[in-house]
Each structure stands twice: as C-alpha cells, then as structure tokens.
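Reading through the structure tokens given below for one structure.
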Amino acid sequence: MTDSMRRRGRPARLSREAIVTAAQQIVESEGIDALTMRRVADRLSSSPTAIYRHVRDKDEMLLALLDDIAGELGRPDLPEDPRQRLVVLWRLLYDTLAARPWLVGVLVGGDLASRAILWVVEEILQAFLACGLDREQAASAYRAVWQFTVGVLTIRSGSDRARSDPNQPGQARMIMEADSELTPTIAALAADWPHPWENYNYGLTALLDGVIARS
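Per numbering that gives the first Met the number 0, residue 0 is the first one in the sequence shown, and the count goes up by one each step.
Printed below as a string of structure tokens:
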C-alpha cells in the first residue's frame, strides 16, 4: 500500500477549528441539547479523548463557537444620532440571534459570553450616555432592552416549534377563534394580531423612548 493510499484512509487531522465547526453543525441541525463531546467526536470520526486535547469541556467548546460567531459580525456604519445608533445596534444583535435560535439558550442558560461582542455593548452604552442617561441609567437601560430582546426571541422560538405541530392548539388559533360577544376587542383584532417578532421594532422604539425620557 502506498503512502498516499494510507493518508486517504485516515480521518481528518483534529484541530480546534474542526471541532468548533462540527459543534456548530450539530447545534444548528439538532439543537443545543444534542451537543456533547461524544457527538462531536463521532462527527469527526475521532474519540472524546482526542477532543479533550483541544478543548477542556463543552463550555470551552461553546465559548469558542460564540467567539467565532461574534467575530463574524461586521461593524455597521452607525448614524450620528445616538438614538438611531441604538436602533441599528439592537437590530444587529436581534437579527444575529434570530438567525441562530440556539444561541439564545446558550446566552441565558449559563454564564458564557464572548469578549468579541463587547464592542457592541460598549457602543450601546455610549449611545445611551449620548442620549443623556448617566452611567447607572445606561446600564439599566441596556439590561431592560436586552431582556425584552431575549423575551421576543424566546417566544419566537417557542412559537416556531408549536407551529410545526398542526394538532397543537396555539395562541394564534385561540385568538382567531375568539368569541366576538365575550371578547369583542380581541375578535376585532384577530386578523391583524402581530406575532411578537413582527412587532419587535414597535416594542424596541417604545422601550427606547421610555428609558431615554427618564433621563
């Protein structure tokens, strides 16, 4: 057997990059609960022991994945008006997380965070300060909008799962079937009842207006 034939029969050489790529493929196709060191090892035709030589544990693997995703964020051209900067920055975060629903569970389910995303947080805080908030108010405003954003994304993810089961009674069906005599306002709004993610801009605008007005 020639050396080239032997090389073709060997599994790909392990690297941290290959491990992170395999981890991302698993969470995007099967969900975050499916991610284990053994699943990554199986996908790479390796052993868990070999994986541990590159990443200490699942958290370190997830952190490397967060770093990769955060590093892909391009810095948008930000408006001079600080309030408009806030809209652009929050939409950047929202759209990034909406494209990867599993990320929300990682960020709110533990203490993992990527330093590569700190520039976005810094820009948001600076924009709040430029709107007239002091540092404590800016931090509180950031937390309030972050909680709202995560809430919308969590509801969106849950609704997507519910809608995949046509037999499951959902909120939309309940509203569409509302009794016009018992709940006339709900019945009148049924056809135009917004999904929470379609209403994100409205909620974001109202929340920003509210926290800035308190400064």
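C-beta: ideal position from N, C-alpha, C; glycine also.
These numbers were taken from a predicted model, which means no experiment stands behind them.
Check                                                                                                                                         : Outcome
Smallest Cα separation from G131: which of S14, D32, I211, A17?                                                                               : I211
For A17 versus V39, is the C-beta distance shorter than 7 Å?                                                                                  : no
Classify P47 as helix, strand or coil using the three-state DSSP reduction.                                                                   : helix
What separation, rounded to the nearest whole angstrom, lies between the Cα atoms of G150 and A115?                                           : 23 Å
Can you tell me where the alpha helix (DSSP H) holding T35 begins and where it ends?                                                          : Here T35 belongs to no alpha helix (DSSP H), and DSSP marks it neither H nor E.
Helix, strand or coil for R99? Go by DSSP, reduced to three states.                                                                           : coil
Quick one: grab the DSSP three-state call for W145.                                                                                           : helix
Could you compute how far the alpha carbon of M4 sits from the alpha carbon of I25?                                                           : Residue placement at M4 cannot be trusted, given a pLDDT of 38 that sits under 50; what the coordinates show is reported in the next sentence. Taking the straight line joining both Cα atoms gives about 30 Å.
Determine the closest residue to A33 out of K57, A49, A129, with distance taken between C-alpha atoms.                                        : K57
Taking Cβ to Cβ, would you say P100 is nearer than 7 Å to S156?                                                                               : yes
Buried or exposed for L188, going by 16 or more other Cβ atoms inside 10 Å?                                                                   : exposed
Rounded to a whole number of angstroms, what is the C-alpha to C-alpha distance between L152 and Q136?                                        : 24 Å
Under the three-state reduction of DSSP, which class applies to R172: helix, strand or coil?                                                  : helix
Ordered along the chain, which non-local residues of its own chain (more than five positions away) have a Cβ less than 7 Å from that of L111? : D58, L61, L62, L65, V105
Let me check you understand the geometry: is the CB of R15 closer than 6 Å to at least one non-hydrogen atom of the ligand GDP?               : In the structure on display, the ligand GDP does not appear, and there are no ligands present to speak of.
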